[in-house]
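Notes for the one structure printed next.
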Amino acid sequence: MFLLAVLVLPFAGSFIAALLQVNARNAEAWLAGGVALAAFGLIATAYPDVANGGVIGWRTEWVPELGLAFALRLDGFAWAFAMLVTGIGFLVVLYARYYMSPSDPVPRFFSFLLAFMGAMLGIVFSGNLLQLVFFWELTSLFSFLLISYWHHNSAARDGARMALVITSTGGLCLFAGVLLIGHIVGSYDLDKVLASGDAIRSHALYVPALVLVLLGALTKSAQFPFHFWLPHAMAAPTPVSAYLHSATMVKAGVFLLVRLWPALGGSNEWLWLVGSAGLITFLLGAFLAVFQQDLKGLLAYSTISHLGLITLLTGLDTPFGQIAAIFHIMNHATFKASLFMAAGIIDHETGTRDIRRLSGLWAFMPITATLAMVAAGSMAGVPLLNGFLSKEMFFAETIEIHDNSLVDRALPYIVTAASTFSVAYSLRFIRDVFFGPAPVGLPRTPHEPPLLMRLPAELLVLACIVVGIAPALTVAPILDTAAGAVLGSRMPEYSLRIWHGFTPELLMSILAMVGGVGVYVMLRSYLLVNEGPPLLGRFSGKQIFDWMMVTLSWRLARWLASKLGTRHLQPQLRILAGVAFVAALLPLYSRGIMLANPLGAKFDLAFALLWAVGAACAIGAAVQAKFHRVVALILLGTAGLVTCVSFVWLSAPDVALTQIVVETVTTVLLLLGLRWLPKRVAPVGASQAAGRIRWHRVRDFAIALFAGVGLATLALAVMQHPATDSISRYFVENAYTKGGGTNVVNVILVDFRGFDTMGEITVLAVVALTVYALLRRFRPAPESIPVPEQQHAQDSHDEAHPDRQKGDTAKDTTETAALMMGLLFPVIGVVAIFLLLRGHDLPGGGFVAGVAMATAFILQYMARGTAWVEARLHVMPVRWMGFGLLLAGGTGAAACVFGYPFLTSYFAYAELPLVGRVPMASAFLFDIGVFSLVVGATVLMLIAIAHQSLRRYGGPLQTGQRLPGERSKEELV
């Protein structure tokens, strides 16, 4: 429960932050900072439990048969990473309080930031690989929202789209790889997977699983060849870059590599795939960083390079390499977050991030300059700073022999050369920005920021110094705990000391620093006047990405749509019916499923006549649809009533009750929709095409007939098959003992198959919102109502009865109908509540009760009109839908609190005064949620259609104009 509370805390804070008023910057910052600090404190208290190899766990089963469980797991490695996520998250919140403008929609920013923090904690805490993939994709979604926060900026939109496409595609590959690992191991439980390394590596599916997992990890951590999305994500606000692109999102990939190393590492495939990607990224990122003219661009490419360094350490496939990788994850998070904050301060106080326009800032902001210089020194690997220690460990590991290949022997020289570029871009950050002549022509006069805006960077830089000077007293126990959780018994001997003597790795550091100074001096004049590197200036990963998006997403999709798609409904239905026919035909012959005794069934003449009436109505509806839509709708409703009577005939009162109310509501909604459909106009040359049209209708009728008969035959054959073991007996026998209800159908819907129902009502909510969103923006062309004949008849009636005023008859009729329908409102409401309350034991339930209640509102709209109803009845359908989803989901989640699978129900008997024993089932709350959502979704669609009807017959609306009584989107909520 401890881990669940920590995980839920950021999401709860995100929900609350979204409800705060705009421009309440202090309130949101206090909330977000309090949530992050509380999570940081709670995680810190768990250190004694994980310090000696302990693991804190919590799990609840979901679908045990499929190995699905919601499992949370905290060991030393997860603890260290969670401390980074929450600790740096708190500092970023404090920094963002002063960075963000009061004119920005700050509640949205902090809401997304807290939700992203929760998603990252979900990755770190996940004890089930499928659960990890879910949170993995959730980080991609919230990072998209954060990067595109300034959505008025096209660069932010493009960068967010690029990041989402690449990382979410990698997430899908990760999902496929996890499925393969689960197939190999027989479980998705992380502990079992980590303990099955030998079985995974010896399996024939090891290489495909490894490649798919690596695609997920490398795309998330911006490794070659997917590195180009990270620089374009720099269009996000600087607090986002300081959090996502230094300590959290981009670290998720390397976190996964280290986490799964015991299971997937230890092979040549791991060494070459992971090591090669890391080496190329380390070298390429460092080289490109030198030539960036934007501060955040320089930091972005340096982040790519350091992530490549960590990936290379992991790919070297040794226990010491994993220790060094974990150590550099910690160090890089501290110095890179502080550097992003310093870049944001410079941009905030000067109005630019262009290095060519910045110089001599030491004289204007010496404290910020000092902080940035220390952090940049740590990034370059200067002694007495934390970056020096992990880079020394990196150099030491590259010297070791791994497979004695040519690349392995050349590795120390390659990484030393790459490190010279790291020193060069770090020196450029210091020299060109803070020293030299005073800046000229800056948008703002530079000065120091407020103390609290600078405080987060100061704390991070202090950590860089303290760890660099006294590693054994500060970070060594944490590193031991984190590395021990990954390596276990394979933990090697190592020491964190500043001085190890004159060693080869020290020589490599000296050469890198001297070479970096030389590279900077040689390139300085070139960098003052040129954009990009001299050889790769025209090469851009973004260009390849844009070409692929245009080719695959636009041209290919358009070609497929032109060949396979259609804007007309009939061809789509023809394809569906054809597929259904084939689906019914194949099992009948390929599997030998045939009717056991098709002619031996008892023939019921009355039932056959009933179905003959239904079939005639269905055929009539199809014929009349071309000429008289209202007649076709009436015939269609009659066919539905025949189906309802059939359910009653076959002793299915629940289904019949649902069918009758659904038939009523859908018929009325379709009738409202018919009012504003365009009139049918015979096309030119219709007489010549009459024969072809008749042939098309015969063809469509044949397809529908064969498809319907085929599926009916298949269903009957399956029910008559001797090998069929029906599950209905289980439901009948256990509906009362395990579900607490005697209505088997309702118990199935809200208990045994509650998850299906949860998905169905979610789809219903999405459909209702989609219908409303489409219709509220649609403006049909106005047409006059064809009423001359009606008006002439009314005038004749008035002339024949001069004692009555003109129009009184129609007015009286309308008022009488309105009065009768108004009286029906409470009656139908009581019936709906009655159906809801009795649903668990007798025919009824939340769905049929919801549709019945919606019928009451529909009658009011028909009798009184849209404006009259909405001026007096505050329905607020979106709130009905939201309440229904929350109640249904909350009822299911409540079972997890008690250690049961999601949507497990509970029932008991309560002793009520004067009433006696009354059955009480938690599934009833779920049913209330279904009732609320059905009412809201139906009324929302009704409102959308009713408004369109008024628009059609009342004339066009001007931009921003609303109908009398029509509510805005906000008012509907």
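Residues 85 to 1057 (my numbering) make up the sequence shown, in order.
Note that the Cβ used here is the ideal one computed from N, Cα and C, for glycine as well.
All figures in this text were calculated on a predicted structure; none of them were measured in a lab.
If you reduce the DSSP assignment to three classes, tell me which class N827 lands in. coil
For the pair the stretch 588-605 and the stretch 468-476, tell me if three or more CB-CB distances fall below 8 Å. yes
For H235, tell me which candidate among A852, F193, T223, G206 has the shortest Cα-Cα distance. F193
Is the beta carbon of L717 closer than 8 Å to that of L754? yes
With DSSP as the reference, label R143 as helix, strand or coil. strand
Should P523 and L442 be called a contact, given that it needs their Cβ atoms to be closer than 8 Å? yes
Just the C-alpha distance for L103 and V190, rounded to the nearest angstrom, thanks. 11 Å
DSSP has L158 in a bridge; who is on the other side? I140
F991 lies in the beta strand (DSSP E); which residues open and close that run? 991-996
Measuring CB atoms only, is the stretch 442-457 touching the stretch 569-583, in the sense that at least three cross pairs come out at less than 8 Å? no
What is the DSSP secondary structure of L289, reduced to helix, strand or coil? coil
Inter-stretch contact at 8 Å, needing at least 3 Cβ pairs: the stretch 454-462 / the stretch 413-431: yes
Using 8 Å as the threshold, is the C-beta distance between K304 and T251 below it? yes
Based on DSSP bridge pairs, tell me the residues matched to L79. The structure shown does not extend to residue 79, since the chain is modelled only from 85 to 1057, so the question has no answer here.
Nearest to L150 by alpha carbon, out of E589, G823, G270, D1011? G270
Nearest-angstrom Cβ-Cβ length linking G349 and D401, presumed shorter than 8 Å: 5 Å
Measure the C-alpha to C-alpha separation of L539 and H924 and round it to an integer number of angstroms. 60 Å
At least 3 beta-carbon pairs within less than 8 Å: the stretch 634-646 vs the stretch 384-398: no
Can you name the start and end residues of the alpha helix (DSSP H) that F472 belongs to? 470-483
Can you tell me where the alpha helix (DSSP H) holding F691 begins and where it ends? 689-708
Taking L563 as the reference, which of M167, V1023, L996 has the closest Cα? M167
So, at 8 Å on beta carbons, what are the nonlocal neighbours of V726 in its own chain, with the 5 sequence-adjacent residues on each side left out? L694, W695, V697, G698, C701
Check this for me: beta carbons of V134 and W114, under 8 Å apart or not? no
Check whether the stretch 605-612 and the stretch 495-506 are in contact - that is, three or more C-beta pairs closer than 8 Å. no
Could you tell me whether the Cβ atoms of P985 and L1024 are closer together than 8 Å? no
Just to confirm, is the Cβ distance from F308 to T365 under 8 Å? yes
Do L156 and L91 have their C-beta atoms closer together than 8 Å? yes
The stretch 253-267 / the stretch 289-301 touching (three or more Cβ pairs under 8 Å): yes
Quick check: what's the CA-CA separation for M201 versus L175? 13 Å
Within 8 Å, strictly: CB atoms of L278 and A336: no
Give me the Cα-Cα distance between I410 and L490, rounded to the nearest whole angstrom. 27 Å
Pull up the DSSP beta-bridge partners for S1120, would you. What the structure shows of the chain is the stretch from 85 to 1057, and residue 1120 is not part of that stretch, so it cannot be assessed.
Alpha carbon to alpha carbon, how far is D487 from V177? Give it in angstroms, no decimals. 46 Å
Contact defined as beta carbons within less than 8 Å: I believe P94 pairs with L205. What is the distance between those atoms, to the nearest angstrom? 7 Å
Per-residue DSSP class, three states only, for M184: coil
Buried or exposed (CB count within 10 angstroms, at least 16 for buried), M318: buried
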